[in-house]
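Here the structure comes first, spelled out in structure tokens, and everything after it is commentary.
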Amino acid sequence: MFSATTKLDATCHSQPRPTVLLTCADNIMPLSWHMPISKEPFRYAICVRDENYSYDLLHKHREFALNFLDYSFVEAHQKTGSLHGRGMNKFKESGLSKKSAMSISSKLIKEAYMIYECSVIDILNYGDHDVFIANVNIILNKQDKEVSPTLFMGRGVYETTSKNPIQLQR
Ligand SMILES: Cc1cc2nc3c(=O)[nH]c(=O)nc-3n(C[C@H](O)[C@H](O)[C@H](O)COP(=O)(O)O)c2cc1C
63 MFSATTKLDA TCHSQPRPTV LLTCADNIMP LSWHMPISKE PFRYAICVRD ENYSYDLLHK
123 HREFALNFLD YSFVEAHQKT GSLHGRGMNK FKESGLSKKS AMSISSKLIK EAYMIYECSV
183 IDILNYGDHD VFIANVNIIL NKQDKEVSPT LFMGRGVYET TSKNPIQLQR
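Each residue of the sequence shown is one higher than the one before, counting from 63 in my numbering.
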């Protein structure tokens, strides 16, 4: 039996979303609303709400990085997502380390296993988040085979993937 609702509320099943740490300038915020939108050229979309300090930074600098971190850093996701960055050093608060980027001025997170450096090419709005469309200039990859991706289920709940993937016919 289904229950019906028109809003995303607690009656909805949580949908695990791969979660990244967005860096813009030298601020960090976790972000689960993101997706690839073009393969060649590689382009990406992220959704950020105007109550977040990162929203102002994204409008000002028109660039960002997506830092993919292993599940062992789950507490850094929760910590950086429970603080607003204005006047605060979230690198210090989370214990994560800064690294310079190759194509943008925003800082990167050294502990990430993969990083996208992005330049914003368009900003759209269809509701309570702005959609930042970006070129992915550079993908930095540590080629770590033992990564456990960080998934966010909503309402403070996190998960990772199983260790028994199946390869179906290609
Ligand atoms: C795991 C997780 C995922 C989140 N995903 C998003 C998101 O996709 N978009 C958004 O606007 N806020 C998202 N948030 C909320 C912001 O990360 C949070 O409000 C943060 O404190 C903003 O930091 P800032 O004000 O320094 O930019 C998420 C929070 C968490 C904990």
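All C-beta atoms in this analysis are idealised placements derived from N, C-alpha and C, irrespective of residue type, glycine included.
Option nearest residue i by Cα separation, candidates the options
i, options, result
"residue 208", "220, 176 and 186", "176"
"residue 96", "193, 136, 131 and 215", "193"
"residue 116", "147, 76 and 75", "147"
"residue 126", "210, 143, 206 and 171", "171"
"residue 130", "215, 203 and 226", "203"
"residue 77", "118, 215, 64 and 158", "215"
"residue 181", "197, 68, 201 and 188", "197"
"residue 124", "140, 136, 107 and 113", "107"
"residue 174", "104, 70, 161 and 109", "161"
"residue 113", "232, 190 and 87", "190"
"residue 205", "136, 183, 132 and 110", "132"
"residue 128", "140, 80, 101 and 157", "80"
Helix, strand or coil at residue i [DSSP, three-state]
i, result
"residue 179", "strand"
"residue 96", "strand"
"residue 136", "helix"
"residue 142", "helix"
"residue 155", "helix"
"residue 120", "helix"
Bridge-paired residues (DSSP) for residue i
i, result
"residue 194", "108 and 185"
"residue 171", "160"
"residue 127", "85 and 179"
"residue 203", "176"
"residue 213", "80 and 221"
"residue 91", "84"
Cβ-based burial, residue i [other Cβ within 10 Å; buried from 16]
i, result
"residue 138", "buried"
"residue 91", "buried"
"residue 178", "buried"
"residue 228", "exposed"
"residue 64", "exposed"
"residue 219", "exposed"
"residue 166", "buried"
"residue 169", "buried"
"residue 122", "exposed"
"residue 86", "buried"
"residue 73", "exposed"
"residue 163", "buried"
"residue 68", "exposed"
"residue 226", "exposed"
"residue 156", "buried"
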